[in-house]
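In numbering that gives the first Met the number 0, the protein residues as written are 0 to 208.
Using N, Cα and C, we set each Cβ at its ideal position, and we do this for glycine too.
Presented below is the structure to which this report refers.
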Amino acid sequence: MTTPKKLVLASASPRRVQILQQAGIEPDRLIPAEIDETPFKAEHPRSLAKRLAREKAEKALARLQREGEANEAFVLAADTVVAVGRRILPKAELAEEASNCLRLLSGRSHRVYTGVCLFTPAGKLRHKLVETRVRFKRISREELESYLASGEWRGKAGGYAIQGLAGTFVVKLVGSYSNVVGLPLYETVGLLSADGFKAHLNWSATTEA
Numbered sequence: 000m001t002t003p004k005k006l007v008l009a010s011a012s013p014r015r016v017q018i019l020q021q022a023g024i025e026p027d028r029l030i031p032a033e034i035d036e037t038p039f040k041a042e043h044p045r046s047l048a049k050r051l052a053r054e055k056a057e058k059a060l061a062r063l064q065r066e067g068e069a070n071e072a073f074v075l076a077a078d079t080v081v082a083v084g085r086r087i088l089p090k091a092e093l094a095e096e097a098s099n100c101l102r103l104l105s106g107r108s109h110r111v112y113t114g115v116c117l118f119t120p121a122g123k124l125r126h127k128l129v130e131t132r133v134r135f136k137r138i139s140r141e142e143l144e145s146y147l148a149s150g151e152w153r154g155k156a157g158g159y160a161i162q163g164l165a166g167t168f169v170v171k172l173v174g175s176y177s178n179v180v181g182l183p184l185y186e187t188v189g190l191l192s193a194d195g196f197k198a199h200l201n202w203s204a205t206t207e208a
């Protein structure tokens, strides 16, 4: 009987772990990949999302190779980019950054891109780019100040978390909701399943629980 391969997630994001758990998938190991996420000059948001996802996966894979475990695991990584046109919004760390992002997004549409990268135990590279269009209501000054006070924006691309309070700003969403949270579930499970990862094996146990 073939031993099931492990799943290594090149991230410490609780949101991405929760999205995988929604599909009954529990990562066997988390290897956060610290990389320079600064966009290249004139780099398109789509290209940035794909590049950063691959760099994260490569860094985690390199660690597994040093440990002699690369042929025993699927290595999954993702990176989410929020953009207005070609303008890439930062992952806000300061209230001023979040405020600038939300003022820009207020009353208009933007796009959320997530690059997903997968290295298989056989060393094959699989990747996917998913795009979601989101339209925000016009955010009042009071709403903006209250949201900034919540601190929910910290570390979030575009200065907001759609799964939290900022969900009240969303007028329309076209595409994958989980993509905006940080990991497109349908596409990610599709990548894993295509290369033999049995995403559904724990479903019966999950249902019983």
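- When rounded, the separation of the alpha-carbon atoms in V83 and G114 is 17 Å.
- Shown here, T119 sits in coil according to DSSP, grouped into three states, outside any helix or strand.
- For T79, the enclosing beta strand (DSSP E) covers residues A72 to V83.
- Inclusion of Q21 and L184 in the CB contact set at 8 Å is warranted, their separation being smaller than that value.
- The beta carbon of W202 sits closer than 7 Å to the beta carbons of G23 from its chain, once the five residues preceding and following it are set aside; these are given in chain order.
- Boundaries of the alpha helix (DSSP H) around E95: A94 to L104.
- Leaving aside the five residues that flank A94 on each side, the residues in its chain whose CB is nearer than 6 Å to its CB run, in chain order, L147.
- Counting only the Cα atoms, T187 lies some 12 Å from L6.
- Listed in chain order, the non-local C-beta contacts of K127 below 7 Å within the same chain comprise V115, E186 and L190, local neighbours out to five positions each way being set aside.
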